[in-house]
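Sequential numbering of the sequence shown, starting at 489, is according to this note's numbering. Built from N, CA and C at the ideal position, the CB exists for glycine as well. Everything on this sheet refers to the single structure shown next.
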Amino acid sequence: MTISIWRYSHLALAISSFIFIIIASITGIILAFEPISNQLQPYSIGSSNNITLAQTIIVLQEHYEEIISIEVDNNDFVSASVITNDGKNETFYINPLTGEKIGEIIEKAPIFKFATNLHRSLFLKSAGRFFVGLISFILFLIAITGILLIIKRQQGIHRFFSKIVKENFEQYYHIIVGRLTLIPILIVAFTGVYLSLEKFSLLPSHTAEHQIDYENIKTTPKKQIKDFIIFNQVTLKNLRAVEFPFSDDPEDYFNVKLSNKELIINQFTGQILSTIEYPFVKLASHWSLILHTGQGSILWSIILGIVCCSILFFIYSGFLMTLKRRKKSSILKNVYSKDKSEYIILVGSETGNTFDLAKIFYNSLLDLNKTVFISELNKYSSYKKAKHLIIFAATYGKGEPPSNAKNFITLLKKNIPTKEISYAVVGFGSLAYPDFCKYAIDIDKTLQSNMLFKSILDLHKINNQSFEAFKNWSLQWSKNTGIPIQLKEPPKKNKSKKESSFSVESRSLLNTDDTFLIRLRSENKISFMSGDLLSFYPENDPIERLYSIGKIDGDILLSVKKHEFGVCSTYFSKLNKNDIIKASIKRNPDFNFPVWATEVIMIANGTGIAPFLGMINTNKKIKSHLFWGGRNEESIELYHEIIQNSIKKNGTAYFYPAYSRVQEKIYVQHLLKRNSSFIAKTLDKKGAILICGSVAMQKEVIAIIDQICQKINHKPLSYYQNKGQLKMDCY
């Protein structure tokens, strides 16, 4: 419930104010250039800490008839209002060391005047200022609710800056950019509110009058300005303004405004007649203006400009995420009612991604002429003809249910079925979080406690919405129910990247596993790394195929298993030396060799060995251990030469094979269990684990490594994954 409240609050605040925030952001970007352009003017004081007020006054008196005032602005430009020797009243920038005029006062450019008025009041005067202040407050609340959502998503404030699971571009960078610009956004919003409150006199009053004893003002001993102690103590760094006395009357005085106080100085003796310390409200007003406008700092102005750009991105990405979520979570119009359906699909999804897979399953059942009904978990009720209950449940936050599933367990206990129903639960989550699929686990336990619900499959957990893992589950469900369901893979984007030509350098014969190696060479000298992906589209086929790359002596090495009806694998298996194919390289930086690691463990089965063959071939510094699972000793012959050459050449690689089709059936996860201490020690020493191969293998391997981490290191595997020590590329 908490998640839902904060998400809807975040969204409602954004919807109610986005037009005004867009205007404020665009004008903010423009205004960020004003202090930058001012700072680039050659009027700044180079050593204001070392120049005293006395020095500046003395040199000005040498050049001009009379001095009216001196000011130091937020750019550290010193200006003087004087009467020249020609009797003219002028104001200009000066060199405080020489007293010479160095430039005219900068006038605000028309574009900055326009942007300032629009930014401050929307050209609506007082009413506009009120709206701008309100929008600043709303922006502050949006930032706060955003913080709370990240904390919930990351499962605690201590994981606030942990790795983000990337679901899509908008979601990932909405969070990443939000975390990076969080403090500046809060500063901009808070100072905007503060300045608005000040404008409407809603802050505590800070007016104070000097208390001067005019009856006892002394005119002796008369001192020269160069001998005034206070003027020799005050540097231009701390000075804001000095107003000079209008006459020689003892009641006229110097009014000196510093950064933290205001002084009245006797013009004859240099005595301090009165001091007013600025209250916090006045100091806060000054710093709010500086922080909100960027005056005096190129760096902070650039940050403010970036903040305004990021706010525009948040509006774009936030609304796009909302539209996608609503589109995904919109339930299909059911062909059959709930009481006429034998198959009930219930979905719990926070972002809408789980609905995509649920709809594929739903449509597949319809294709088989099954009566099927799909709905949200929160809408669970009684179903008169139900025989099968299929639950797809995502986990959000710290093991919590999605907002559309939070009432399900309560409803389940209230609506007891009148007859036996078979069920299957599929959990969706991310291994990057400790509470992986926790809500699905809770649902499964609740169903097990009711005798009328009969499980036909163990709880199945899926990492990062993997379609392959989902497909594997559907095959098991199909086998157990006798329903020949065929899932239609979600359409992938048509090719958009420019393809390059690759020539075939060699192709091995098929081994006993119908697997072969093929080496390709780029004709355009394209750069790539082991772990990147080769993107290939068969002729007249819009579906992209991806192959994990091993880099051997500058060539691309692919390990391919030929399938009887496989379009690509059959095509590749018939290629000959010097044949040309068209393909492209897709960068996969999340699965490149971790050069920062103290030691690397590589785990693969079958053709998943390809990227690791390239890694052990090029790595000369870091110890790497390759655990590989195959059918039998004949399976390894295909890779034997490359592995042995790499071991001899670099002396950093170690190989551990496991064979599952021999008398002693050993899978790769069994090897890991035997080497538990080594696995735990490697992770503890900031080493890395890379996994490539089938999703089924990945599932078993992850379970074993997590047990090792919990037992020996007393930390979940997700702890190391969030630190980037676990990398996976499975299919």
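Item, Value
"Which whole runs of the beta strand (DSSP E) in the stretch 1091-1142 are 3 residues long or more, in chain order?", "1111-1118"
"Kindly indicate which residue of 796, 835, 844 and 790 has the alpha-carbon position closest to the one of residue 812.", "844"
"Just mark residue 692 as buried or exposed, buried being the case when its beta carbon has 16 or more other beta carbons within 10 Å.", "exposed"
"Report yes if the CB atom of residue 1236 is closer than 9 Å to the CB atom of residue 798, and no otherwise.", "The chain is shown only over 489 to 1219; residue 1236 falls outside these bounds and no answer can be derived."
"Let me know the secondary structure DSSP gives residue 876 once reduced to three states.", "strand"
"Hey, out of 659, 869 and 761, whose CA is closest to residue 809's CA?", "659"
"According to DSSP, is residue 1221 part of a helix, a strand, or is it coil?", "The displayed coordinates of the chain run from 489 to 1219. Any statement about residue 1221 would go beyond what the structure contains."
"What three-state label does DSSP hand residue 993 in the structure shown?", "strand"
"Are residue 545 and residue 713 closer than 9 Å when you measure CB to CB?", "yes"
"Count the CB pairs spanning the stretch 561-579 and the stretch 491-503 that are closer than 8 Å, and state whether there are at least three.", "no"
"Can you name the start and end residues of the alpha helix (DSSP H) that residue 850 belongs to?", "841-855"
"Per DSSP, what kind of secondary structure is residue 784 in: helix, strand or coil?", "coil"
"Under a three-way DSSP split, which group does residue 1065 fall into?", "coil"
"Just how far apart, CA to CA, sit residue 725 and residue 677?", "28 Å"
"Helix, strand or coil for residue 1216 per DSSP?", "strand"
"Would you mind listing the alpha helix (DSSP H) stretches within the stretch 927-981 that are 4+ residues and don't spill past its ends, in chain order?", "955-969"
"Starting from residue 591, trace the beta strand (DSSP E) in both directions and tell me its first and last residue.", "589-592"
"Rank 1098, 1057, 532 and 1069 by C-alpha distance to the C-alpha of residue 1047 and give the top, closest one.", "1098"
"Fully enclosed by the stretch 709-740, which beta strand (DSSP E) runs are 3 residues long or longer?", "727-731"
"Can you tell me where the alpha helix (DSSP H) holding residue 682 begins and where it ends?", "657-687"
"Name the residue from 620, 557 and 519 whose alpha carbon lies nearest to the alpha carbon of residue 597.", "519"
"Under a Cβ-count criterion, where at least 16 other Cβ atoms within 10 Å of its own Cβ denotes burial, should residue 1039 be classed as buried or exposed?", "buried"
"Give the single residue among 1094, 1113 and 1128 whose Cα lies nearest to the Cα of residue 1119.", "1094"
"On the criterion of 16 or more Cβ atoms from any shown chain inside 10 Å, does residue 1033 qualify as buried, or is it exposed?", "buried"
"Please report the distance separating the alpha-carbon of residue 1217 from that of residue 505.", "42 Å"
"Whole angstroms are fine: how far does the CA of residue 855 sit from the CA of residue 966?", "14 Å"
"Can you tell me which residues form a DSSP beta bridge with residue 571?", "554 and 577"
"Per DSSP, which one or two residues make a beta bridge with residue 743?", "731 and 752"
"Determine the contact status of residue 794 and residue 782, defining contact as a CB-CB distance below 9 Å.", "no"
"Check whether the stretch 1055-1072 touches the stretch 1099-1110, taking contact to mean three or more Cβ pairs, one atom from each stretch, closer than 8 Å.", "no"
"Give the secondary structure of residue 1180 by DSSP, where H, G and I count as helix, E and B as strand, and everything else as coil.", "strand"
"Rounded to a whole number of angstroms, what is the C-alpha to C-alpha distance between residue 1008 and residue 825?", "55 Å"
"Between the beta-carbon of residue 1146 and the beta-carbon of residue 1116, is there less than 9 Å?", "yes"
"Report all residues from its chain with a CB closer than 7 Å to the CB of residue 1196; omit the five preceding and five following residues, and keep chain order.", "1164, 1167 and 1168"
"Touching or not, the stretch 870-886 and the stretch 829-839, by the rule of three or more beta carbon pairs under 8 Å?", "yes"
"Where does residue 1053 land, buried or exposed, given buried means 16+ other C-beta within 10 angstroms?", "exposed"
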